[in-house]
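Participant: Structure in structure tokens, see below.
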Amino acid sequence: MNLYEHTIVARQDVSPTQIKQITEKYSKIVEKNDGNIVKTENWGLLNLSYIIKKNKKGNYIHLKFKGNGKIVNELEKNERIDKNLLKYLTVKVKKFDLETNYFDSKEKKEDTERKN
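Take 1 as the starting number for the sequence shown in this note's numbering and just add one per residue.
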């Protein structure tokens, strides 16, 4: 089984319930095609580097999963027609980094550093 990290950028005006629905929809696609979701992260609303389809910000969702290339094809086929999404990216990795949370707030990071 291959390891993949998949990032989805949804429009800025998508509601939190729609974000949850998007996450569930693409997680089910992975599981339906004999994949295994290892971790799901909601990175929240972040600024985009450039305007995409009149959006300056985007809601980021990140999935880490195990599976085969067929899953990636199925995900991207469904994402191409989803009107709520701006961009998506799938990267094949050698191993997962499950410990680092890159988009935690600075206060949380400082608190965990003080405890260690």
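Note that CB positions come from ideal geometry on N, CA and C, so glycine has one too.
Contact between the segment 19-30 and the segment 74-90: three or more CB pairs below 8 Å?
Facilitator: Contact holds: three or more Cβ-Cβ distances are below 8 Å.
Participant: With distance defined between alpha-carbon atoms, name the residue in Leu75, Lys70, Tyr60 nearest to Thr7.
Facilitator: For the residues Leu75, Lys70, Tyr60, the minimum Cα distance to Thr7 belongs to Tyr60.
Participant: If distances are taken between C-alpha atoms only, which option among Lys77, Asp97, Gln21, Val9 comes closest to Phe65?
Facilitator: Cα-wise, what sits closest to Phe65 is Asp97.
Participant: For Asn33 versus Glu5, is the C-beta spacing smaller than 8 Å?
Facilitator: No.
Participant: When the Cα of Ala10 is compared with those of Lys77, Phe103, Ile52, Asn68, which residue comes out closest?
Facilitator: The shortest C-alpha separation from Ala10 is found at Ile52.
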